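> Protein chains in written order, with my numbering: chain U, 11 to 324; chain W, 11 to 324. Cβ atoms here follow ideal geometry from the backbone N, Cα and C, with glycine treated the same way. Being a predicted model, the structure only gives us computed values, none of them experimental. I have a structure here, written as structure tokens, and I will follow up with some questions on it.
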């Protein structure tokens, strides 16, 4: 069964890893949000793509929750000593990814081609794709004005509160041929919206008219997994954003945000009762907190099983 | 006594450190060759400037002979894993220098301004200047055609033999105002040509007409220190280059190469007898092999003493 998973960083990568194990690896295409990407010290840093690269490639640091295992921080220490910017942590091994990618992009390769090669170098048999080779950049409106994503998310630890979002470049950005082909594949059995932040990880993809149209046109059921469990986000600012936008902080509110795009919704068992209000949307309740690899695989299997039971949309 | 030292990398940096100790640090201006600089992975790498930065700043690795002390190699390991270029070793701490410098240059700062700031961050009271803010690049003619410097020097370990040199950009390159001001300073007591490779470290500076004119116009004596001891170079391809150009591999041949520019010449005691042939050029023989810091300071004192004894040129 072929599956396309739309994913942000950490939470999405956990489910993507589960899907890679639950499926044959060549059946999975992961499309990563690139609207968090940014230029730092002249390097293109792609946090969601790289979290997926390291997670699917078995190079992620499990304890820290981001970046590479066995990482060292010599460059950051020297950068601080030289008065350089040290608000964004770049590990020495992680730097190799940014250096190589940036120099290959400058030489004219596409982000899609570079990431495909890096994924192959890490032995990833699944297909890892950026949502687009064109730049899309999330900007956030706060009480202190518009801010770029990483200075807000990392530099300011997701403060101040966000009142509006803009995905600069999304209107004109074209999903790559590989993304469009994956969504147009007649064998596609499911599109999975990973348990990522809907506002800053999934919405930038849906903000691209071409991707919206491709999603609308594909026959596979669209199954989302809630990033909210019992009114709390596992990680990151999803809960605070829901509240800031005047929405209920609940799994149900996330499904309503995605609206008619969803063919099915997977929530945590703790949210089963409340999610009944989403009827007639099919809802499946299970354990969604992914601590172990087994958790990831089990959740992936639930998602795939639900997709099979729903079947093609038309 | 104010001194301007023209220097390449390792050998030159040793004497520059000796001069910094022998002089008051604010009396020393070191002008570094930048014709070995190159773009690597999108970063501007400046081997001679950085060797001077680390040596004068007390951050150089004494055992390895290049790069930073306490260096780690996480980025290189990851780069190799990802199939990136690994022929040029970039330490993790060293990378911070290249990243910060490159991003500041892209933001419009001059190389002179960036290096001045980095030197201050390392507590270097001497003035460390690139020979120019304009790019000059050494190219080498070999039996296999013209090659860029670092691919030849590091990538090919200084093979094949060099039959001619070209300093691309030197004709048009302007030494910075700071270099010209240092050479025009009426209190200048000596210009020192460090024991660097004359062909690839000192000649690129002399290939700039503006620098040649400034050197010609300054009253301070020009004292060179031989990079050849008893027919051998302490390090690097100087001896092989002399032979390749059909010259005698000797301290004397280096002085003849510099010609009438020299007001005085410092050779190793082992070369004293042969150097008598350079008369009427004043020659001083001493220990020129710099192993310890004391060696560096002692050699620097000999050079300064010789400059004082020769006095202004006119």
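#1: Quick test of the definition: if touching needs 3 or more C-beta pairs under 8 angstroms, does the region 111-130 of chain W touch the region 13-26 of chain W?
#2: In this structure, what does DSSP give as the bridge partners for residue 151 (chain U)?
#3: Opposite residue 212 (chain W) in the DSSP bridges: which residues?
#4: Among the candidates U:261, U:127, U:145 and U:322, whose CA atom is the shortest distance from the CA of residue 214 (chain U)?
#5: Can you pull the chain U neighbours of residue 60 (chain W), defined as C-beta to C-beta under 9 angstroms?
#6: Going by alpha carbons, who is nearest to residue 185 (chain W) out of W:172, W:216, W:205 and W:176?
#7: Check each residue of the region 87-103 of chain U: if its Cβ is closer than 9 angstroms to any Cβ of chain W, include it; give the result in chain order.
#8: So residue 232 (chain U) is in the beta strand (DSSP E); what residue range does that whole segment cover?
#9: Output needed in chain order: residues of the region 107-118 of chain U with a Cβ under 8 angstroms from some Cβ in chain W.
#10: Specify, as a first and last residue, the run of the beta strand (DSSP E) that residue 49 (chain W) falls within.
#11: Kindly provide the ranges of any alpha helix (DSSP H) runs that are 4 or more residues long and lie completely inside the region 275-307 of chain U, ordered along the chain.
#12: Roughly how many angstroms separate the alpha carbons of residue 137 (chain W) and residue 211 (chain W), rounded to a whole number?
#13: Output needed for residue 299 (chain U): all residues of its chain with C-beta closer than 8 angstroms, excluding positions within five of it in sequence on either side, in chain order.
#14: Beta strand (DSSP E) containing residue 140 (chain U): first to last residue?
#15: How long is the line joining the alpha carbons of residue 13 (chain U) and residue 237 (chain U), rounded to whole angstroms?
#16: Hey, would you say residue 93 (chain W) sits closer than 8 angstroms to residue 131 (chain U), going by beta carbons?
#17: Taking the C-alpha atoms as reference points, what is the distance between residue 224 (chain U) and residue 193 (chain U)?
#18: Which same chain residues end up closer than 6 angstroms to residue 271 (chain W) when comparing Cβ atoms and leaving out the 5 residues on each side of it in sequence?
#19: Starting from the C-beta of residue 174 (chain U), find all residues in its chain whose C-beta is less than 7 angstroms away, skip the five residues before and the five after it, and write them out in chain order.
#20: Tell whether a beta-carbon distance below 8 angstroms holds between residue 103 (chain U) and residue 88 (chain W).
#21: Would you mind working out which of W:76, W:52 and W:288 sits nearest residue 59 (chain W), comparing C-alpha positions?
#22: Short of 6 angstroms in beta carbon distance, which residues of its chain neighbour residue 189 (chain W), apart from the five on each side in sequence? Order them along the chain.
#23: Taking the alpha-carbon positions, what's the residue 235 (chain U) to residue 274 (chain U) distance?
#24: Using the rule of at least 16 other Cβ atoms within 10 Å of the residue's Cβ for burial, across every protein chain shown, is residue 153 (chain U) buried or exposed?
#25: Rounded to the nearest angstrom, what separates residue 159 (chain U) and residue 43 (chain W) at their Cα positions?
#26: Using the Cβ count rule (16 or more neighbours within 10 Å means buried), how would you classify residue 97 (chain W)?
#27: Quick check on DSSP: helix, strand or coil for residue 44 (chain U)?
#28: Could one say the Cβ of residue 51 (chain W) lies closer than 8 angstroms to chain U's Cβ atoms, at least one of them?
#29: Answer with buried or exposed for residue 197 (chain U), where buried requires no fewer than 16 other C-beta atoms within 10 angstroms of its C-beta.
#30: Leaving out five residues before and five after residue 135 (chain W) in sequence, what residues of the same chain have Cβ atoms less than 7 angstroms from its Cβ?
#31: Should residue 259 (chain W) be labelled buried (16 or more other beta-carbon atoms within 10 Å of its own) or exposed?
#32: At 7 angstroms on the CB atoms, spell out the chain W contacts of residue 105 (chain U), in chain order.
#33: Is there a Cβ from chain W that is less than 8 angstroms from the Cβ of residue 131 (chain U)?
#34: Cβ closer than 8 angstroms: which chain U residues qualify as neighbours of residue 128 (chain W)?
Here's the rundown:
#1: Segment contact: the region 111-130 of chain W against the region 13-26 of chain W, fewer than three CB-CB distances shorter than 8 angstroms; contact not assigned.
#2: DSSP lists U:156 and U:174 as partners of residue 151 (chain U).
#3: Looking at the DSSP assignment, residue 212 (chain W) forms no beta bridge with any residue, so it has no partner.
#4: It is U:145 whose Cα lies nearest to the Cα of residue 214 (chain U).
#5: When 9 angstroms is used as the limit between beta carbons, residue 60 (chain W) is near no residue of chain U, the shortest such separation being about 12 angstroms.
#6: Comparing Cα-Cα distances from residue 185 (chain W) to each of W:172, W:216, W:205 and W:176, the minimum goes to W:216.
#7: Listed in sequence order: 87, 88, 89, 90, 91, 92, 93, 94, 95, 100, 101, 102 and 103.
#8: Going by DSSP, residue 232 (chain U) is part of the beta strand (DSSP E) stretching over 232-235.
#9: Those residues of the region 107-118 of chain U placed with their C-beta closer than 8 angstroms to a C-beta in chain W are 107, 109, 110, 112, 113 and 116, ordered along the chain.
#10: Its beta strand (DSSP E) spans residues 48-50.
#11: As summarised for the region 275-307 of chain U, the continuous alpha helix (DSSP H) elements at least 4 residues long and confined to that stretch are 282-285, given in chain order.
#12: Within the model, the alpha-carbon separation for residue 137 (chain W) versus residue 211 (chain W) is close to 19 angstroms.
#13: Answer for residue 299 (chain U): 239, 244, 278 and 305, listed in chain order.
#14: It spans 137-140 - the beta strand (DSSP E) in which residue 140 (chain U) sits, taken as one unbroken run.
#15: Distance between the alpha carbons of residue 13 (chain U) and residue 237 (chain U) is about 19 angstroms.
#16: Inclusion of residue 93 (chain W) and residue 131 (chain U) in the CB contact set at 8 angstroms is warranted, their separation being smaller than that value.
#17: In this structure, the straight-line span from the alpha carbon of residue 224 (chain U) to that of residue 193 (chain U) is close to 6 angstroms.
#18: Closer than 6 angstroms at Cβ, skipping near neighbours: 232.
#19: Result list for residue 174 (chain U): 151, in chain order.
#20: Their beta carbons are under 8 angstroms apart, which means residue 103 (chain U) touches residue 88 (chain W) by this criterion.
#21: When C-alpha distances from residue 59 (chain W) are compared across W:76, W:52 and W:288, the shortest belongs to W:76.
#22: Counting only Cβ-Cβ distances below 6 angstroms, and skipping sequence neighbours, we find 41 and 139.
#23: One C-alpha to the other measures close to 9 angstroms.
#24: Counting the other CB atoms within 10 Å of its CB gives residue 153 (chain U) a total below 16, which places it among the exposed residues.
#25: Rounded to whole angstroms, the gap between the alpha carbons of residue 159 (chain U) and residue 43 (chain W) is 41 angstroms.
#26: With fewer than 16 other Cβ atoms within 10 Å, it is exposed.
#27: Under the three-state reduction of DSSP, residue 44 (chain U) is assigned to coil, being neither helix nor strand.
#28: Yes, its Cβ sits closer than 8 angstroms to a Cβ of chain U.
#29: By the neighbour-count criterion, in which a residue is buried when 16 or more other Cβ atoms sit within 10 angstroms of its Cβ, residue 197 (chain U) is exposed.
#30: For residue 135 (chain W), where only same-chain residues beyond five positions count, the Cβ hits under 7 angstroms are 35 and 36.
#31: Burial call: buried.
#32: For residue 105 (chain U), the chain W residues whose C-beta falls within less than 7 angstroms of its own C-beta are 85 and 105, listed in chain order.
#33: Taking Cβ atoms only, chain W reaches closer than 8 angstroms to residue 131 (chain U), which makes this a yes.
#34: Around residue 128 (chain W), the beta-carbon contacts reaching into chain U at under 8 angstroms are 92.
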